[in-house]
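Novice: Chains as they are written, first to last, in the numbering used here: chain P, 1409 to 1746; chain V, 19 to 395.
Below are the structure tokens for one structure; questions will follow.
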């Protein structure tokens, strides 16, 4: 039978077409399981004392491909990073796909290839999954979900409530690149700007940071809601004030320009490979040095410090020496009229 | 970023602040009896809060945040008109992003979209026109709003629709005009405003001469200003210089963008397509004579009000709201009885909490009146 070039409802039937899809696209790139064959679950052994980290995330980005990444790369890095920023070494991922009838197989294969490549880069395996096909119009081409497990080493305790006065606030690189790249890739504005998504796994970077200082207090990747939202979570959960220097926060000129044009604030734009960390004051230099030696942290810098008061607040010191509150937005940023 | 960074130089700001301080002392202004300057435009309000300019200025200058945010002053009844249109099966309703969240008496456009109405965000009216060309079986309505800044692009889009003979494109017009609104404000009894920072982008279209009456008849200096922090500070300085030398004029600080005579091509397009409305409804300010425009009869085929027989709905502002008093400089946003309690950016009751450029939303989002006030260095 000639292989169909698009996804049909038969691919979701559980019958032969489903099996063909799994063999010819998914296992081809994700790798075949060992002698245990394809079971309904993946099995793995863990040491009795280890702490497991477990996370899940869904991906519905439009468009599927954008400068610097695609939905597949995003699905792997998203879950790997959620594990990594908790101090876990990511081990295994699941991948569930909801495909819209009519999706080109070629597109699916490109996405799966990208997932496999990113998983390899991050040193994780995709060990279990599921595929469903829905009727045309019931999904937007392709939705992905990945879940992941990782192991947290002893002595590591990273949590959003651990920021303490005297700690320093670090960021691993330029903020806002992903958000700006997506605005551009949607093509509605015909901007054609030279900016790529920062989409990348952060587990390697986290490893060197933990080697430099096992007692990192708070770390999060600044995804939806951007840097401003993540820092507000730290301030709020820890009951402290984060005092930031606006001029120290790295934002590319081109991203700044897009934001000026549309009335957006880069501090609320999504990132997919940039983290914010709160580290004990005396470990700041070692951590920063280690970050800058790693490719994912070359632009790492200190952007502020943790103070006692006013609690649960992020304050931004402007280049004019004035201060203002950096709050959490209620919904998405909307471009302004004029 | 060229044309931006130069106007954000903290050292130059310090020089201006020192000059401003000297001038206010010379003029005898104090914190008890300050010089009150209204920045008309929401873009200026945004800059003032984003850069914390009020913390830099001496207490003897009080900034009053004006009505110049077209999203804020959009009346509830008009949002209701939009929602009713959007809920019609055949209609694709298009508008600018920040108009989507403005509450109507039933719902906002964002809620209408979630409930199944076909509402789409566009970046320009030309995008709406393109949608009409691509969807000949649907009726595309562009909800046009804004001051004179956005009026010309709407006018040109209507002209283009007319020249192409498009029959499925129409405009629901809520364009409003600045000079008439300022006049209404100036006619308020017991108004406590000494001078104006005039809008930059509106003036790029209408020119600076349109404000002549403010200086000549009402005796208030006005300086048309750019939107960067140094622009705003320099405009304050220019106002004080006028006061010091006993002048009362319209001056243009934003010469790099605003010609004194405005943009004649844009003015022609506007005049061709639009005429003044007898009355226009504003959230927070009520009905103001001739403060808005409507399509001329010749373009009735593109007028959504005419085409869909929209009977403009009037919905009174909530009683608790004190937006009018904030706009007239009588109270500061945190002094309003519902600020931060019944009225927040999530659930705005009044005009000034609706868009991020409104004075109350700016106070709220930048934490003023909610937290202990941050101190300048």
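Just so it is clear, CB atoms sit at the ideal spot from N, CA and C, and this is done for glycine as well.
For residue 35/V, which residues in the same chain have their Cβ closer than 6 angstroms to its Cβ, ignoring the five residues on either side in sequence?
Specialist: Hits under 6 angstroms: 74.
Novice: Take residue 314/V as the anchor and find which of 293/V, 297/V, 332/V, 360/V has the nearest alpha-carbon.
Specialist: Of the candidates 293/V, 297/V, 332/V, 360/V, the one whose C-alpha sits nearest the C-alpha of residue 314/V is 293/V.
Novice: For residue 1712/P, decide whether its Cβ has a neighbour in chain V, counting only Cβ atoms nearer than 8 angstroms.
Specialist: Taking Cβ atoms only, chain V never reaches closer than 8 angstroms to residue 1712/P, which makes this a no.
Novice: I'd like to know if residue 1473/P contacts chain V, where contact means its C-beta is closer than 8 angstroms to some C-beta of that chain.
Specialist: No, residue 1473/P lies away from the interface with chain V (no Cβ there is under 8 angstroms from its Cβ).
Novice: Beta-carbon within less than 6 angstroms of residue 77/V's beta-carbon, same chain only, minus the 5 sequence neighbours each way: which residues are those?
Specialist: Hits under 6 angstroms: 49.
Novice: Helix, strand or coil: how does DSSP classify residue 157/V here?
Specialist: Here residue 157/V sits in strand by DSSP.
Novice: Going straight from the alpha carbon of residue 184/V to that of residue 273/V, what length do you get?
Specialist: Rounded to whole angstroms, residue 184/V to residue 273/V spans 39 angstroms at the Cα level.
Novice: Here's a check: name, in chain order, each residue in its chain whose Cβ is nearer than 8 angstroms to the Cβ of residue 308/V, leaving out the five neighbours to either side.
Specialist: Contacts found: 195, 198, 294, 295, 296, 297, 298.
Novice: Which residue wins for smallest C-alpha separation from residue 1470/P, given the options 1592/P, 1543/P, 1571/P, 1421/P?
Specialist: Closest option to residue 1470/P, Cα to Cα, is 1592/P.
Novice: Do the stretch 220-233 of chain V and the stretch 244-256 of chain V make contact, defined as three or more Cβ pairs closer than 8 angstroms?
Specialist: No, because fewer than three Cβ pairs between the stretch 220-233 of chain V and the stretch 244-256 of chain V fall closer than 8 angstroms, the two stretches do not touch.
Novice: Could one say the Cβ of residue 1653/P lies closer than 8 angstroms to chain V's Cβ atoms, at least one of them?
Specialist: No, no contact with chain V.
Novice: At a Cβ cut of 7 angstroms, what residues of the stretch 1661-1676 of chain P count as close to chain V, listed as they run along the chain?
Specialist: Against chain V - using a Cβ distance shorter than 7 angstroms - the residues of the stretch 1661-1676 of chain P are 1661, 1664, 1665, 1668.
Novice: Run through chain P and tell me which residues come within less than 9 angstroms of residue 22/V, C-beta to C-beta.
Specialist: Simply 1664, 1665, 1668.
Novice: Give me the residue from 1711/P, 1696/P, 1425/P with the minimum Cα distance to residue 1705/P.
Specialist: Cα-wise, what sits closest to residue 1705/P is 1696/P.
Novice: For residue 70/V, go through chain P and note every residue whose CB falls closer than 7 angstroms to its CB, in chain order.
Specialist: 1726, 1728, 1730, 1731, 1732, listed in chain order.
Novice: Can residue 260/V and residue 44/V be called in contact, C-beta distance under 8 angstroms?
Specialist: No, the Cβ-Cβ distance between residue 260/V and residue 44/V is not below 8 angstroms.
Novice: If we count Cβ pairs, one from each stretch, closer than 8 angstroms, do we get three or more for the stretch 372-390 of chain V versus the stretch 136-144 of chain V?
Specialist: No, the stretch 372-390 of chain V does not touch the stretch 136-144 of chain V.
Novice: State yes or no: is the C-beta of residue 1508/P within less than 8 angstroms of the C-beta of residue 1468/P?
Specialist: Contact flag unset, no.
Novice: If you follow the alpha helix (DSSP H) that residue 282/V is part of, which residue opens it and which one closes it?
Specialist: Segment 282-291, the alpha helix (DSSP H) holding residue 282/V.
Novice: Of all the options 1726/P, 1551/P, 1734/P, which has the alpha carbon lying nearest to the alpha carbon of residue 26/V?
Specialist: Checking every option, the nearest Cα to that of residue 26/V belongs to 1726/P.
Novice: Could you check if residue 1741/P is buried or exposed, using at least 16 other CB atoms within 10 Å of its CB as the buried criterion?
Specialist: Under this definition residue 1741/P is a buried residue.
Novice: For residue 1597/P, decide whether its Cβ has a neighbour in chain V, counting only Cβ atoms nearer than 8 angstroms.
Specialist: Yes, residue 1597/P counts as interfacial toward chain V.
Novice: Is there at least one Cβ from chain V nearer than 8 angstroms to residue 1389/P's Cβ?
Specialist: Only positions 1409 to 1746 of chain P appear in the structure, and residue 1389/P is not among them; the question remains open.
Novice: Look up residue 1617/P in the DSSP assignment and say whether it is helix, strand or coil.
Specialist: Helix, per DSSP.
Novice: Please report the straight-line C-alpha distance between residue 187/V and residue 162/V, rounded to a whole angstrom.
Specialist: Roughly 12 angstroms separates the two Cα atoms.
Novice: Evaluate residue 19/V with the Cβ neighbour count: other Cβ atoms within 10 Å of its Cβ, from every protein chain shown; 16 or more gives buried, anything less gives exposed.
Specialist: Residue 19/V is exposed by the Cβ-count criterion.
Novice: Name the residues in the stretch 273-284 of chain V whose C-beta lies less than 7 angstroms from a C-beta of chain P; which are they?
Specialist: Result list empty, no residue passes.
Novice: Under the rule that 16 or more other beta-carbon atoms within 10 Å means buried, what is residue 1440/P, buried or exposed?
Specialist: Classification for residue 1440/P: exposed.
Novice: Assign residue 337/V to buried or exposed, taking buried as 16 or more other Cβ atoms, counted over all protein chains shown, within 10 Å of its Cβ.
Specialist: It is exposed - the Cβ of residue 337/V has fewer than 16 other Cβ atoms within 10 Å.
Novice: Can you give the Cα-Cα distance for residue 1747/P and residue 1735/P, rounded to whole angstroms?
Specialist: Lying outside 1409 to 1746, the shown extent of chain P, residue 1747/P is not represented and no answer is given.
Novice: Identify each residue in the stretch 140-163 of chain V for which the Cβ-Cβ distance to at least one residue of chain P is less than 9 angstroms, and report them in chain order.
Specialist: Flagged, chain order: 140, 141, 145, 163.
Novice: Which of the three DSSP states is assigned to residue 337/V in this structure?
Specialist: Looking at residue 337/V - three-state DSSP - the assignment turns out to be coil, as it is neither helix nor strand.
Novice: Please confirm whether any heavy atom of the ligand FAD lies closer than 7 angstroms to the CB of residue 1700/P.
Specialist: The model depicted lacks the ligand FAD and carries no ligand whatsoever.
Novice: Which parts of the stretch 1576-1649 of chain P are runs of the alpha helix (DSSP H), unbroken and 4 residues or longer, counting only runs that do not cross its ends?
Specialist: 1585-1593, 1611-1620, 1634-1646, all fully within the stretch 1576-1649 of chain P.
Novice: Could you work out which residues of chain V lie near residue 1569/P, taking near to mean beta carbons separated by less than 8 angstroms?
Specialist: Those do not exist, as residue 1569/P stays about 20 angstroms from chain V at its closest Cβ, beyond 8 angstroms.
Novice: Measuring CB to CB, does residue 1486/P end up less than 8 angstroms from residue 1566/P?
Specialist: The answer is no: Cβ separation not under 8 angstroms.
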